[in-house]
Amino acid sequence: MGFGDLKSASGLKVLNDFLSTRSYIEGYVPSQADVAVFDAISAAPSADLCHALRWYNHIKSYQSQKNSLPGVKKPLGQYGPAGVADTTSGSTPTSKDDDDDDDIDLFGSDDEEDSEAARLKEERLAEYAAKKVGTDILEEKITAFEDFVQSMDVAAFNKI
Numbered sequence: 001m002g003f004g005d006l007k008s009a010s011g012l013k014v015l016n017d018f019l020s021t022r023s024y025i026e027g028y029v030p031s032q033a034d035v036a037v038f039d040a041i042s043a044a045p046s047a048d049l050c051h052a053l054r055w056y057n058h059i060k061s062y063q064s065q066k067n068s069l070p071g072v073k074k075p076l077g078q079y080g081p082a083g084v085a086d087t088t089s090g091s092t093p094t095s096k097d098d099d100d101d102d103d104i105d106l107f108g109s110d111d112e113e114d115s116e117a118a119r120l121k122e123e124r125l126a127e128y129a130a131k132k133v134g135t136d137i138l139e140e141k142i143t144a145f146e147d148f149v150q151s152m153d154v155a156a157f158n159k160i
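Residue numbers are given in full-length UniProt numbering: position 154 of the sequence shown equals residue 154, and the series is strictly consecutive.
Below you can see the structure in the form of structure tokens.
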């Protein structure tokens, strides 16, 4: 998460793309998140980065009130879109094994269906089938009221 280095053109481009659909870094009002990102930018973005320039000028108008804006100021790397490398700190991120088989299957592969899950599914289907009421039981209950009801259409019920 983060914008990268906001003093470089690539970091400002990420910020511009992020602000193309938003007015603020977080939420719907200016906050400490906006102040943190504003403080990280050395100067106003160029005119070709229209969304970042609009946001910069708007947050600059809150300069006298920046300490009273809501929210808690967090490190700069915690703001922005996910998937962007944070180049503001000097440390390199630790690499993960690409051979990790514990990932969640997002596309529903049938190859890896767990036998325990299949057994549980079968048990639940059996319980559901056992709870179903047969039409024979209902027909017996209806015909028991035959003396009290003028019209009984059991044949129509059997069509159901």
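We treat Cβ as the ideally placed atom computed from N, Cα and C, and that holds for glycine.
Neighbour-count burial assignment, residue i, 16 or more Cβ in a 10 Å radius
i: V14; result: buried
i: N16; result: buried
i: E146; result: exposed
i: E122; result: exposed
i: A117; result: exposed
i: V35; result: buried
i: G134; result: exposed
i: P81; result: exposed
i: P45; result: buried
i: A33; result: buried
i: G11; result: buried
i: F148; result: exposed
Heavy atom of the ligand NAD within 7 Å of residue i beta-carbon
i: D136; result: What this structure holds is no ligand at all, so the ligand NAD is not there to describe.
Secondary structure of residue i, DSSP reduced to three states
i: V29; result: coil
i: R22; result: coil
i: E146; result: coil
i: I41; result: coil
i: V72; result: coil
i: K7; result: coil
i: A47; result: coil
i: G80; result: coil
Enclosing alpha helix (DSSP H) for residue i [first to last residue]
i: L115; result: A small fix is needed here, since residue 115 is Ser in this sequence, not Leu. Its alpha helix (DSSP H) spans residues S115 to K131.
i: Y56; result: C50 to K60
Close-in-space but distant-in-sequence residues of the same chain around residue i (CB under 7 Å, 5 per side omitted)
i: T92; result: With a pLDDT of 46 at T92, under the threshold of 50, the predicted position of this residue should be treated as unreliable, though the coordinate-derived value follows. So no residue of the chain qualifies.
i: Y62; result: P30 and L69
i: L53; result: A44, P45 and A47
i: L19; result: H51, A52 and W55
i: K73; result: Q32, V35 and A36
Cutoff 6 Å; reference residue i; Cβ partners in own chain excluding five residues on either side
i: L6; result: A40 and I41
8 Å Cβ shell around residue i - same chain, five flanking residues per side excluded
i: Y56; result: F38, I41, A44 and P45
i: Y79; result: M1, G2, F3, I25, E26, A33, A36 and V37
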